[in-house]
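Since the structure comes first, as structure tokens, the remarks are kept for the end.
What follows is the structure, encoded as structure tokens:
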């Protein structure tokens with residue numbers, strides 16, 4: 044018996060019936076447990092809030108938080124934060140967002156840096172942001188000619204994000220969890 048016969052391949056229709064938090068990547072289920080930690084939640088919440096304020100006057104772009112993105116009949120991902128610059132068809136996101144941001148944790152680093160990097164590139168996501176709260180660092184990639192090119196590493200600088208209808212000046216210094224300083 045071949046190894047491929049032992050691997051099950053699931054569809055988005057089956058995924059919708061599952062309990063718990065899952066992603067489905069090219070037919071393979073990926074558990075999303077345990078839930079994100081405090082630094083993860085803090086960082087993704089601050090990113091969402093900045094994007095939400097920045098897009099308040101843009102009628103073409105919307106920021107969304109932890110929503111399923113259905114790329115194919117066998118692939119559904121739940122990124123931390125996305126920006127869409129189109130009107131969704133119905134109540135689901137079924138095409139590539141303009142921007143996806145993932146907050147990287149030790150348990151997701153390989154998936155975020157490799158698997159999702161390739162998936163988002165192949166699906167035509169214009170910007171991919173990887174945020175590392177423990178390092179107070181964000182890597183920004185932009186899709187150019189079908190491949191991701193690194194825009195840069197950002198810590199406390201301002202990072203411009205050029206969307207089709209507007210530009211966001213993301214203040215990276217406001218993203219990271221604040222740690223108390225030693226008072227001497």
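Numbering (the working numbering), first residue to last: 44 to 227. Ideal placement from N, C-alpha and C gives every residue a C-beta, glycine not left out.
{"Item": "Cβ-Cβ distance between residue 52 and residue 111 below 8 Å", "Value": "no"}
{"Item": "Residue 68 versus residue 99: straight-line alpha-carbon distance, rounded", "Value": "32 Å"}
{"Item": "For residue 59, the nearest candidate out of 212, 113, 185 (CA to CA)", "Value": "113"}
{"Item": "N- and C-terminal bounds of the alpha helix (DSSP H) containing residue 111", "Value": "Here residue 111 belongs to no alpha helix (DSSP H), and DSSP marks it neither H nor E."}
{"Item": "Proximity winner among 120, 209, 181, relative to residue 71 (alpha-carbon distances)", "Value": "120"}
{"Item": "Bridge-paired residues (DSSP) for residue 202", "Value": "213"}
{"Item": "Straight-line gap, residue 150 to residue 199 (C-alpha atoms, nearest Å)", "Value": "25 Å"}
{"Item": "Strand pairing of residue 145, partner residues [DSSP]", "Value": "173"}
{"Item": "For residue 173, the nearest candidate out of 187, 105, 191 (CA to CA)", "Value": "191"}
{"Item": "Backbone secondary structure at residue 227 - three-state DSSP", "Value": "Caution applies to residue 227, whose pLDDT of 41 falls short of 50 and renders its modelled position unreliable; the model cannot decide the point."}
{"Item": "Buried versus exposed, by CB contacts within 10 Å (16 or more), residue 226", "Value": "Here residue 226 scores only 42 on pLDDT, less than 50, and its place in the model should not be relied on; the value that follows carries that caveat. With fewer than 16 other Cβ atoms within 10 Å, it is exposed."}
{"Item": "Check whether residue 148 and residue 79 have beta carbons under 8 Å apart", "Value": "yes"}
{"Item": "Under the three-state DSSP convention, the category residue 137 falls into", "Value": "coil"}
{"Item": "Through-space distance from residue 204 to residue 126, alpha-carbon basis", "Value": "11 Å"}
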